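Quick note: the sequence shown uses numbering that gives the first Met the number 0, first residue 0, plus one each step. We put the CB at the ideal spot given by N, CA and C, even for glycine. Here the structure is a predicted model, which is why all the values come from computation and not from measurement.
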Amino acid sequence: MEADRLNAPDTSAIMFEVLGHQLQFAQDPNSKHLGTTVWDASMVFAKFLEKNSRKGKFCPCKLKGKRVLELGAGCGVAGFSMALLGCDVISTDQTEVLPLLIRNVERNTSRIMQANPGSDFFGSIEVAELNWGNEDHIKAVDPPFDYILGTDVVYAEHLLEPLLKTILALSGPKTTIMLGYEIRSTNVHEQMLDLWKRNFEVKTVPRSKMDTEYQHPDIHLYMMTLKPLEAGARVRGQCADQQIEETDAADEVKVDDSGIVDEADDFKLEEAKSEDIVQLKYLPNEKLSEWEARRYGAMAARLLRDVKIS
Ligand SMILES: C[S@@+](CC[C@H](N)C(=O)[O-])C[C@H]1O[C@@H](n2cnc3c(N)ncnc32)[C@H](O)[C@@H]1O
């Protein structure tokens with residue numbers, strides 16, 4: 000687990016401006032739990048929402064009152080951004096992460112309320128325990144949801160299956176699943192895409208739709224909806240102890256091999272360009288932005304992880 004930590008929580012809180020609001024997310028530098036750090040994909044997602052909130056499906060007039068379930072919320076950046084657009088959000092995670100998540104949700108909510116008295120743009124946000132695959136936890140949040148959200152929740156092979164089963168159990172035919180994550184293992188990435196393409200129409204958000212600064216070639220955002228199924232191809236709403244039945248019919252549902260599918264809405268699917276190269280420049284006299292500093296930090300952590308001291 001620790002080997003996968005790339006973003007060292009060297010500060011106990013980060014300030015993050017999104018949708019015109021100054022937010023503060025506490026981290027826990029003393030915790031080894033991955034959920035007590037703000038991960039970069041959550042910021043990319045929040046800034047993507049900001050950029051696309053003026054019109055289309057992420058406009059507050061379309062999102063007001065939509066039910067959102069965030070999986071593996073960690074410090075809660077992504078879910079909170081949906082609440083800023085009027086959604087009713089349930090941010091979930093494992094029990095160890097909940098005290099910090101609750102603190103971040105409560106503090107930012109009161110910050111927003113104090114700064115905007117009488118305004119009703121803010122939806123709502125509550126916190127709940129949800130361990131992937133736990134049937135009781137899933138039932139308690141009352142699925143299905145309009146949106147299921149998860150940032151940087153795909154990082155280990157053994158989590159792919161419980162995550163998928165949980166998403167299926169929380170989804171209905173109209174659910175949109177939004178996942179953002181940083182590719183750290185080609186193997187996990189390929190397995191994940193394969194699993195998802197069997198079950199969902201998968202669209203990749205092009206980088207041109209992301210914030211010009213808050214993006215990175217390794218960080219991908221996906222929008223997915225359930226594939227229409229032939230009877231019995233998959234049992235929806237099942238949990239971890241039930242088998243997902245996938246038939247060949249599910250594989251036959253047409254998804255362009257290149258990953259390019261026409262969009263009914265604002266987004267055009269684009270295959271991730273794994274050949275993209277990180278462009279890091281030496282900037283002797285220029286001050287790094289917070290985002291650039293984060294990305295340098297992530298790269299350094301990755302390099303250090305790969306260095307074997309004998
Ligand atoms: C890398 S962190 C990402 C946190 C946050 N979404 C972000 O982007 O900053 C992964 C999150 O997934 C959660 N997680 C991992 N396995 C889980 C499981 N089996 N059930 C529920 N949450 C899980 C962790 O607790 C952690 O908060």
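Between residue 76 and residue 45, the C-beta spacing is below 7 Å. For residue 48, the enclosing alpha helix (DSSP H) has its first and last residue at 39 to 50. Residue side-chain check: residue 41 places its Cβ nearer than 6 Å to a non-hydrogen atom of ligand 1.
Annotation for residue 114: no beta strand (DSSP E) segment contains it, though the alpha helix (DSSP H) segment containing it runs 97 to 114. Nearest to residue 126 by C-alpha distance, out of 179, 61 and 92, is 92. In the three-state DSSP reduction, residue 221 falls in the strand class (E or B). The C-beta separation of residue 174 from residue 146 comes to about 7 Å, placing the pair in contact by the 8 Å criterion. Taking all protein chains shown into account, residue 86 has 16 or more neighbouring C-beta atoms within 10 Å of its C-beta and is therefore buried.
Linking residue 172 to residue 225 through their CA atoms gives a straight-line distance of about 6 Å. For residue 137, the uninterrupted alpha helix (DSSP H) segment begins and ends at 134 to 139. Exposure of residue 299 is indicated by the presence of fewer than 16 other C-beta atoms within 10 angstroms of its C-beta. Beyond the five residues adjoining it in sequence on each side, residue 120 comes within less than 7 Å, by CB distance, of 59 and 85 in the same chain, given in chain order. Put simply, of 33, 143 and 41 the residue whose alpha carbon is nearest the alpha carbon of residue 81 is 41. Residue ranges of uninterrupted beta strand (DSSP E) with 3 or more members, entirely inside the region 46 to 93 and ordered along the chain, are 66 to 69 and 87 to 92. Residue range 199 to 203 is occupied by the beta strand (DSSP E) that includes residue 200.
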